[in-house]
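In what follows, a structure is listed as structure tokens, so that the remarks can point back to it.
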Amino acid sequence: MECPLRAEAFKEAHSRPAGGRGHQGAKELASGYTQGKRNMEICSLIVSTLMNVLVVAGLLYYWELRHIPGALISTGLGMLLADFLSGLVHWGADTWGSVDIPIIGKAFIRPFREHHIDPTAITRHDYIEANGDNALVTLPILILMVSLMVTQPPDAIINYYYYYTFGLSLTLFITFTNQFHKWSHTYYGLPKWVELLQKAHIILPKAHHRIHHVAPHETYFCITTGWLNYPLEKIRFWTTLEYIIEAVTGHKPRSDDMKWINKR
Ligand SMILES: [Zn+2]
Ligand SMILES: [Zn+2]
């Protein structure tokens, strides 16, 4: 789903001076990735992978053919919610806060700033750096699902089967959001099946995500499937939220992002 309203702005963006690896701000932001942060990402990925495997095993154990329609619908709803949450978190980190905020600034806001100045840096991030943060945020949902699965009687698990398929779809699509985002910036060497998923718009397509990379990066924040970008743009969802927040707090949207972009 392309947004025709953005075509002009996209053309204009290509006439702006580019950022990239040589940009002073990009170098500074990239150097903020620490070993401590990487260790946390490795732990999050190991724990989330094990828990996802446990949930899949539980669902397979109780699987029946009659579950197919409900499982498909709940999986689609999980994807939809993951897409919305990706947009909400991306919008929040792009628009508000700063790299200087203690703890979360350097660990969680820094990668968003780096991405606008050097959008291809993400293609050089390995599996751990790309997906560690998202694996961390799925842990509360996974802990809840696994503990319910091991404590509930079989009847209850079967009765709530679609809650589990919804939860599993949500955690998997949240975990791999940044992988899909990375692939949307990767123009060479992608496996054929990834390109097919992008073309079918099951995961974030390349041309679709390019709309977000038009300065000042104020729309198309959803980066899991991108399904919600067009409707949210149509109802001016993000603009309205920003208007309300600015009116209440007096904070200007994207002031920290612009500071880094102008650091040459
Ligand atoms: Zn962004
Ligand atoms: Zn991007």
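Residues 101 to 364 (the working numbering) are what the sequence shown spells out, left to right.
Virtual Cβ for every residue (Gly too), placed ideally from N, Cα, C.
Remember, it's a predicted structure, so these values are computed and weren't measured experimentally.
For residue i, which residues in the same chain have their Cβ closer than 6 Å to its Cβ, ignoring the five residues on either side in sequence?
i	result
Trp327	Asp183
His193	Per the sequence shown, the amino acid found at residue 193 is Ala instead of His. Taken in chain order, the residues that qualify are Ile209, Phe212.
Cys322	Asp183, Ser186, Gly187, Leu328, Asn329
Gln298	Pro305
Counting along the chain, where does the alpha helix (DSSP H) carrying residue i start and finish?
i	result
Arg336	Here Arg336 belongs to no alpha helix (DSSP H), and DSSP marks it neither H nor E.
Thr284	It should be noted that the sequence gives Ser, not Thr, for residue 284. Per DSSP, Ser284 belongs to the alpha helix (DSSP H) from 277-284.
Gln252	Per DSSP, Gln252 belongs to no alpha helix (DSSP H) and is neither H nor E.
Gly136	135-161
Arg213	210-217
Glu164	Element bounds for Glu164: n/a, residue is neither H nor E.
His309	306-310
Leu296	292-299
Ser355	355-361
With distances taken from CA atoms, which of the options is nearest residue i?
i	options	result
Arg336	His351, Thr319, Thr325, Gly350	Thr319
Gly197	Asp356, Leu272, Ala347	Asp356
Ser380	Thr223, Asn152, Pro219	In the structure displayed, the chain extends from 101 to 364; residue 380 sits before or after that span and is not available.
Gly136	Gly232, Leu268, Thr349, Asp218	Gly232
Tyr263	Thr340, Met249, Phe276	Met249
Ile274	Leu177, Asp255, Ile203	Leu177
Phe266	Arg354, Leu165, Met179	Met179
Glu141	Ile243, Ile345, His313, Leu239	Leu239
Within the same chain, show all residues whose beta-carbon is closer than 7 Å to that of residue i, passing over the 5 residues directly before and after it, in chain order.
i	result
Trp191	Phe321, Trp338
Gln252	none
Glu342	Thr195, Pro353
Ile258	Tyr162
Looking only at its own chain, which residues have a Cβ that is under 8 Å from the Cβ of residue i, when we skip the five neighbours before and after it?
i	result
Met101	Here the model assigns Met101 a pLDDT of 43, short of 50, so the residue's position is not dependable and the matter cannot be decided.
Thr349	none
(message) Closer than 8 Å is the cut-off here; do at least three beta carbon pairs connect the segment 281-288 with the segment 300-312?
(response) The segment 281-288 vs the segment 300-312: in contact.
(message) Under 8 Å: do the segment 164-173 and the segment 328-348 share three or more Cβ pairs, one atom per stretch?
(response) Contact annotation: the segment 164-173 does not touch the segment 328-348, with fewer than three C-beta pairs closer than 8 Å.
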